[in-house]
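In the numbering used here, the protein residues as written are 9 to 427.
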């Protein structure tokens, strides 16, 4: 009886260095080996973090599979960002790595440690397309349809005729400059400099790389984990969307546009996340008022949702509970609303440096020395801000006094609003 052939639906990534053949012909063998070593040092930790399986490496080329199309494309984005920084720091033109990355998704045949099939052939042919030069990322329509388009921006190029493939394949480009993540943190840039200087470990991902290898892998993985907040925000948005859709049916209102707007706002970088301390400057009273009105709208919507829930629950409980208990529950609902408002401001200031209103207003909250707020400052400012709102905004009147335009709650919590 013949051996059973296994197949799986996977996303296939292929990479190669544009101009590697001509470069290796110009330099010595050792320099060619060093170039490939630097290439591997930058790529392998990122591939491993995103769950990629390296099927084979042929000189300057990688063949990698992923369970997730989204992970495959995000992995390609991170790799290209690393190589962009590397190329900017590499003084010798022969050291530069102009990597081309293409991703296709489809059914592949598994045989030992190798893969075969039309999907693999399409991926290989995509590498030869002139629309995907070195430094670019190309994906097929099958990958585009499967990936999370809320996490990745792709631009349609159109149908392309590939050698040996009977039907045209529609392809897309993934422009780096339009992604959520467009730059790397300082600690990762320092590691890129180590690769340029030839001081980084020679075999990332191996067991016996020593302290240098551990530092490299840990730093890459730590950075990638820090950037995964976007996935958590997206999941939160999906859960909120499900609950809102139930309310939408009850009220007969269409709130899809509001959901999209909130999701887009949450996905954008805040001033605190993207800015430089030296560039921070005080925000005008008019801008702060506009931000407050947006946040006030968010609080009103939250209050309405909570009130609707209370109406439904109160209608059922009113039959079972005496009047004084219903009054106590009503008071608890009011306290819950204040707690939600407190958490809204405290959490956004701690984790994003800005509320939804401040993201729209392109400003944020930092400590007096320009550093991000900690838990103490975020919670104290949130409590004092809500107290000020309950007292007709008395704390905000101080914005009109002094050059720093600080509110009373800014003075007590050691914070300031900047743009």
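Every residue, glycine too, gets a C-beta built ideally from N, C-alpha and C.
Fair warning: this is a prediction, and the values are worked out from it, not measured in the lab.
- Item | Residue range of the unbroken alpha helix (DSSP H) whose run includes residue 288 | Locating residue 288 in the chain shown gives position 280, counting from the first residue. Looking at the DSSP string, residue 288 is not in any alpha helix (DSSP H), and its letter there is neither H nor E.
- Query: Thinking C-beta only, is residue 76 closer than 7 Å to residue 151?
  - Reply: As a position in the chain shown, residue 151 is number 143, starting the count at 1. As a position in the chain shown, residue 76 is number 68, starting the count at 1. No, Cβ-Cβ distance for residue 151 and residue 76 is not below 7 Å.
- Which residue from 141, 133, 24 puts its Cα closest to that of residue 177? Locating residue 177 in the chain shown gives position 169, counting from the first residue. The shortest Cα separation from residue 177 among 141, 133, 24 belongs to 133.
- Query: Tell me which same chain residues have a C-beta within less than 8 Å of the C-beta of residue 108, skipping the five on either side of it?
  - Reply: One-based indexing of the chain shown puts residue 108 at position 100. Cβ neighbours of residue 108 beyond the five flanking positions: 23, 24, 25, 26, 135, 140, 141, 142, 143, 144, 146.
- Query: In the structure shown, what three-state DSSP assignment does residue 164 receive?
  - Reply: As a first step, residue 164 is located in the chain shown; it is residue number 156 there, counting from the start. Correct three-state label for residue 164: strand.
- Out of 87, 364, 321, 43, which has the shortest C-alpha to C-alpha gap to residue 184? For this step, residue 184 is matched to residue 176 along the chain shown. Considering only alpha carbons, the answer is 87.
- Query: So residue 360 is in the beta strand (DSSP E); what residue range does that whole segment cover?
  - Reply: Along the chain shown, one-based indexing puts residue 360 at 352. Careful: residue 360 lies outside any beta strand (DSSP E) and carries neither H nor E.
- Item | Nearest candidate by alpha-carbon position, reference residue 85, set 138, 96, 290, 188 | If you number the chain shown from 1, residue 85 lands on position 77. Answer by Cα proximity: 188.
- CB residue 20 to CB residue 126, shorter than 7 Å? Counting from 1 along the chain shown, the entry for residue 20 is found at position 12. Counting from 1 along the chain shown, the entry for residue 126 is found at position 118. Contact flag unset, no.
- Measure the C-alpha to C-alpha separation of residue 372 and residue 128 and round it to an integer number of angstroms. Within the chain shown, the letter at position 364 stands for residue 372. Within the chain shown, the letter at position 120 stands for residue 128. Taking the straight line from one Cα to the other gives about 47 Å.
- Buried or exposed by the 16-neighbour rule on C-beta atoms within 10 Å, applied to residue 369: Residue numbering aside, residue 369 sits at position 361 when the chain shown is read from its first letter. Buried, since its Cβ has 16 or more Cβ neighbours within 10 Å.
- Task: Compute the Euclidean distance between the alpha carbons of residue 367 and residue 300, then round it to the nearest angstrom.
- Result: Along the chain shown, read from residue 1 onward, the residue named residue 367 stands at position 359. Along the chain shown, read from residue 1 onward, the residue named residue 300 stands at position 292. Looking at the two C-alpha atoms, the distance is approximately 11 Å.
- Task: Report the residue ranges of all beta strand (DSSP E) runs contained in full by the stretch 64–148; include only those spanning at least 3 residues, in chain order.
- Result: 69–74, 107–119, 122–124, 145–148
- Item | Pick from 313, 363, 353, 354 that is closest to residue 342, judged by C-alpha positions | Indexing the chain shown from 1 puts residue 342 at position 334. Nearest option by C-alpha distance: 313.
- Message: Considering only the alpha carbon of each residue, which of 392, 69, 340, 158 lies closest to residue 418?
- Response: Within the chain shown, the letter at position 410 stands for residue 418. Checking every option, the nearest Cα to that of residue 418 belongs to 392.
- Where do the N-terminal and C-terminal ends of the alpha helix (DSSP H) with residue 173 fall, by residue? Counting from one through the chain shown, the residue named residue 173 turns up at place 165. Element bounds for residue 173: n/a, residue is neither H nor E.
- Item | Coarse secondary structure for residue 418, derived from DSSP in three states | On the chain shown, position 410 is the one that residue 418 refers to. Residue state, collapsed to three classes: helix.
- Beta-ladder partner(s) of residue 372, from DSSP: For the purposes of this step, residue 372 is identified with residue 364 of the chain shown, where counting begins at 1. The partner list for residue 372 (beta bridge, DSSP) reads 426.
- Query: What is the DSSP secondary structure of residue 15, reduced to helix, strand or coil?
  - Reply: Stepping through the chain shown from its first residue, residue 15 is reached at position 7. DSSP places residue 15 in strand when its eight states are reduced to three.
- Message: In whole angstroms, give me the CA-to-CA distance for residue 420 and residue 361.
- Response: As a working mapping, residue 420 is identified with position 412 in the chain shown. As a working mapping, residue 361 is identified with position 353 in the chain shown. Going from the Cα of residue 420 to the Cα of residue 361 covers about 18 Å.
- How is residue 179 classed by DSSP in three states: helix, strand or coil? Counting from 1 along the chain shown, the entry for residue 179 is found at position 171. Strand, per DSSP.
- Task: Ignore the nearest five residues each way along the sequence and tell me which others in residue 404's own chain have a CB closer than 7 Å to its CB.
- Result: Indexing the chain shown from 1 puts residue 404 at position 396. Cβ neighbours of residue 404 beyond the five flanking positions: 396, 415.
- So what's residue 51 in DSSP terms, helix, strand or just coil? As a working note, residue 51 is residue 43 in the chain shown. Three-state DSSP puts residue 51 in a helix.
- Query: In the structure shown, what three-state DSSP assignment does residue 278 receive?
  - Reply: For this step, residue 278 is matched to residue 270 along the chain shown. Reduced to three states, the DSSP call for residue 278 is coil.
- Message: Comparing C-alpha positions only, which one of 94, 303, 308, 319 sits nearest to residue 354?
- Response: As a first step, residue 354 must be located in the chain shown, where it is residue number 346. Minimum Cα distance to residue 354 is reached at 303.
- Task: Give every residue of the same chain whose Cβ lies closer than 7 Å to the Cβ of residue 296, excluding the five residues on either side of it in the sequence, and list them in chain order.
- Result: If you number the chain shown from 1, residue 296 lands on position 288. Result list for residue 296: 407, 425, in chain order.
- Query: What do you reckon, are the CB atoms on residue 123 and residue 63 nearer than 7 Å?
  - Reply: Residue 123 sits at position 115 when you count from the first residue of the chain shown. Residue 63 sits at position 55 when you count from the first residue of the chain shown. Contact: yes.
- Once you ignore the five residues that flank residue 255 on each side, which residues in its own chain have a CB closer than 7 Å to its CB? Working through the chain shown from its first residue, we reach residue 255 at position 247. Unreliable placement is indicated for residue 255, whose pLDDT of 46 sits below 50; the coordinate value is still reported in the next sentence. Result list for residue 255: 313, 316, in chain order.
- Item | Cβ-based neighbour list, residue 162, same chain, cut-off 6 Å, excluding 5 preceding and 5 following | Looking up residue 162 in the chain shown gives position 154. Excluding sequence neighbours, residue 162 sits near 152, 180, 182.
- Task: Count the other C-beta atoms from every protein chain shown that fall within 10 angstroms of the C-beta of residue 333, then say buried if there are 16 or more, exposed otherwise.
- Result: Locating residue 333 in the chain shown gives position 325, where the first residue counts as 1. Residue 333 should be labelled exposed.
- Euclidean distance between Cα positions of residue 53 and residue 61: Along the chain shown, one-based indexing puts residue 53 at 45. Along the chain shown, one-based indexing puts residue 61 at 53. Roughly 11 Å separates the two Cα atoms.
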